[in-house]
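This report concerns only the one structure given below.
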Amino acid sequence: AISKFLSDKAGWAAKPGLFPRPLPLESSCNFLAPLALAPLVLGGGVDVGLAVETIQSPSCTYRLGIFKESEAAPCALACVRHQWLGREPNQLTLIPSSVLGACQWATHVAGTAARDSGT
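One point on numbering: in our numbering, the residue at position 16 of the sequence shown is 211, and numbering is uninterrupted.
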């Protein structure tokens with residue numbers, strides 16, 4: 196879901212030798228309800244919602260909600276934090292401008308939705 200977001204909204208796609216690149220530093224997933232693996236393997240059965248939680252260059256934290264197809268309540272909640280790395284080993288770099296713009300857009304959209312719903 197994160198790769199698709201970066202590709203669709205920022206025009207960034209992971210390619211061998213492409214820098215800067217995101218390195219997942221932290222990830223977690225809490226299952227709230229059973230989720231069968233078979234539909235996932237067959238290419239369906241779930242919807243994934245993505246929100247950008249924080250942007251602190253050179254890192255960005257994403258929240259993901261994993262939903263059984265056509266259900267309102269999530270069956271899992273996940274968190275992933277990316278650190279952006281440059282070409283040199285252990286070289287931290289700024290989030291690419293196209294990615295930063297997409298993340299800021301996603302943060303604004305999520306904030307607007309929360310304000311509109313009163314949460």
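Using N, Cα and C, we set each Cβ at its ideal position, and we do this for glycine too.
8 Å Cβ cutoff met for residue i and residue j
i: Leu230; j: Lys199; result: no
i: Cys274; j: Ser222; result: yes
i: Leu280; j: Leu218; result: yes
Closest by C-alpha distance to residue i, when choosing among the options
i: His277; options: Ser293, Ala205, Leu213 and Val247; result: Val247
i: Leu227; options: Ala267, Leu272, Gly206 and Ser252; result: Leu272
i: Thr256; options: Ala268, Pro211, Ser202 and Leu220; result: Leu220
i: Ser254; options: Thr288, Ala196, Gly260 and Lys204; result: Thr288
i: Ala205; options: Ala267, Thr302 and Gly296; result: Gly296
Cα-Cα separation, residue i to residue j
i: Pro215; j: Ile290; result: 8 Å
i: Glu283; j: Leu213; result: 12 Å
i: Gln251; j: Ser292; result: 13 Å
i: Cys270; j: Cys224; result: 10 Å
i: Trp207; j: Val243; result: 19 Å
i: Val294; j: Trp300; result: 10 Å
Residues that DSSP places opposite residue i in a beta bridge
i: Pro269; result: Phe262
i: Ser254; result: Gln251 and Gln278
i: Asn225; result: Leu272
i: Gly244; result: Gly260
Below-8 Å beta-carbon distance, residue i vs any chain B residue
i: Lys204; result: The chain inventory of the structure shown lacks chain B, comprising one protein chain alone.
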